Every structure is written in structure tokens, then in C-alpha cells.
Amino acid sequence: ARHFLAGLYREFLGRAGDERAIALWADLIAAGTLTREQAVEYFLDASPAFQAAAPLARLYLAALQRAPDEAGWRHWRSLLVSGGSLDAIADAFVASDEFAATHGRLGDDAFVALAIRNTLGRDPTPAELAHWGSQLASGLLTRGAVLLGMTESPEFRAAVASEVDASLLYSALLGRSADLPGFSAWMRTARERGLSRAEMIAGFLDSPEYRARAATAGSPGR
């Protein structure tokens, strides 16, 4: 348990754990008061780096309709750590070649309609088109700001909670971004079985890939 907990400190908080704190966590796990899944969930919620990365995962899902790739995930997270803003990153997403290739070259109304469909799962109302269109036309908001506002809405956050958790768990527990087949399998299982967050964490911890990684030095072990 100590090796497992020391790994969680490194992966989620980017530092070595205090020995007394690790001992306390280990005692709780040994006593059955705390599960490994609950420990991972706590560190996931307590990690500033991973909580800052969650909006990035939502941008990927809404703008590009996929999980983050390894190179992009590292690039955008590095920008955030160095002081980059989510607004600027969102602007870069909607101005990217991939966005254009995925959705085409859109006028303001078409962009607003796409953003609402991809985040709220419905068509826009005439009032919404008029409101957001006027904000864009006047320059009060950029397209990135409009999309970011929608990806951070309570509705979208709840709708893609499993996708975001999976993206973060791939990074923390497997040390890589999600591959499409694996990510799709997780999402299919989450939909069909109604997986809880703890059950998803348990699946990652019990996976052969995690077990192999945990057996190496510096990984969150068992």
C-alpha cells in the first residue's frame, strides 16, 4: 500500500508524499476503512494539475469530438501550467485545421448551432442564435469563449463526466493518453452498465497494463 500511495503522490501531485501521511493512508487501507479506489478518487479531486486539465478534455470532446491525443494533451497542459489561458486555448481549438476538417468552415450562426448541439445535445433556439451571434459579430466574445462557456456548463460537465474521468485516469494511472479502441470500450461499458467513478477506477487498477506499470519503479503500485 505504501508504494501504491507514494505513486499517487507523484502522479497526481507531482511530489513525494510525506512519510507520516503515507503511513496514515496505508493504515486506513490495511484496516479496510479506505479502498484503493477511494484513494485514487481523493487524489484526482485534490490535484490542481488534473483539475486544470479537465476543461481541456471537455474542449477536445466538444470541439474535436474525440479524446485527447498524447502530443496535444501534453502541449496544452504545458501551456496551462506555464500560465496560458483556457480562453486562448479554446480559440486555438476552433481555429485549428482539425476543427475545420471535422466541421467545415462555419459562419457565426452555424458555429453557435454546432456548439450548442455538441454540448447541450439539442438544436439552438432562435433567441440563442440571435444572442450568441450578436456577441460574436460585435467582437464582445470570441468563438473560443463561446464554446468554453458551453463546455463548462453544468449540463455538459455532467454529460461527459465519464469521458473526462477516463481521460484523466489514462494519464495518471497508465501514463499515456487514451487510445481510441480502449476509450470507446470504456465509454460503451459506462453507458451499458452505468459505471460509477469508483468502478471505472477499479477497472483501471485491475487492468494488465496498470499492473505491469505498477511493477516498475516510480509507478503507483499495489
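For any residue, its number in my numbering is found by taking its place in the sequence shown, counting from 1, and adding 17. Note that beta-carbon positions come from the ideal geometry of N, C-alpha and C, so glycine has one too. As the structure is a prediction and not an experimental result, all values here were calculated from the model.
- Rounded to the nearest whole angstrom, the CA to CA distance from F128 to A33 is 45 angstroms.
- DSSP, read as helix, strand or coil, puts V129 in helix.
- Put simply, the backbone Cα of A79 is about 19 angstroms away from that of L97.
- When secondary structure is reduced to three states using DSSP, E169 falls in the coil class, being assigned neither helix nor strand.
- For A18, the CB contacts under 7 angstroms within the same chain, skipping 5 residues up- and downstream, are A43, I46, A47 in chain order.
- Taken in chain order, the complete alpha helix (DSSP H) segments of 4 or more residues contained in the segment 150 to 199 are 160 to 168, 171 to 176, 178 to 186.
- Counting along the chain, P141 sits inside no alpha helix (DSSP H), nor does DSSP assign it H or E at all.
- F110 sits away from L153, with the two beta carbons spaced by 9 angstroms or more.
- A107 and G49 do not touch by the CB rule: their CB atoms are close to 44 angstroms apart, not below 8 angstroms.
- For G31 and A71, the gap between their C-alpha atoms comes out near 17 angstroms.
- Secondary structure note for F221: its alpha helix (DSSP H) is the uninterrupted segment 214 to 222.
- Going by C-alpha positions, R134 is about 42 angstroms away from A23.
- In the three-state reduction of the DSSP assignment, R134 falls in the helix class.
- Around the C-beta of E180, 16 or more other C-beta atoms lie within 10 Å, and the residue is accordingly described as buried.
- In the three-state DSSP reduction, L51 falls in the coil class, being neither helix nor strand.
- It is roughly 28 angstroms from the alpha-carbon of R139 to the alpha-carbon of G199.
- Taking all protein chains shown into account, D182 has 16 or more neighbouring C-beta atoms within 10 Å of its C-beta and is therefore buried.
- Proximity to R174 across Q82, P225, A74, P141 peaks at A74, based on C-alpha coordinates.
- In this structure, T136 places its C-beta atom within 9 angstroms of the C-beta atom of T168.
- Per DSSP, the unbroken alpha helix (DSSP H) holding P72 starts and ends at 65 to 76.
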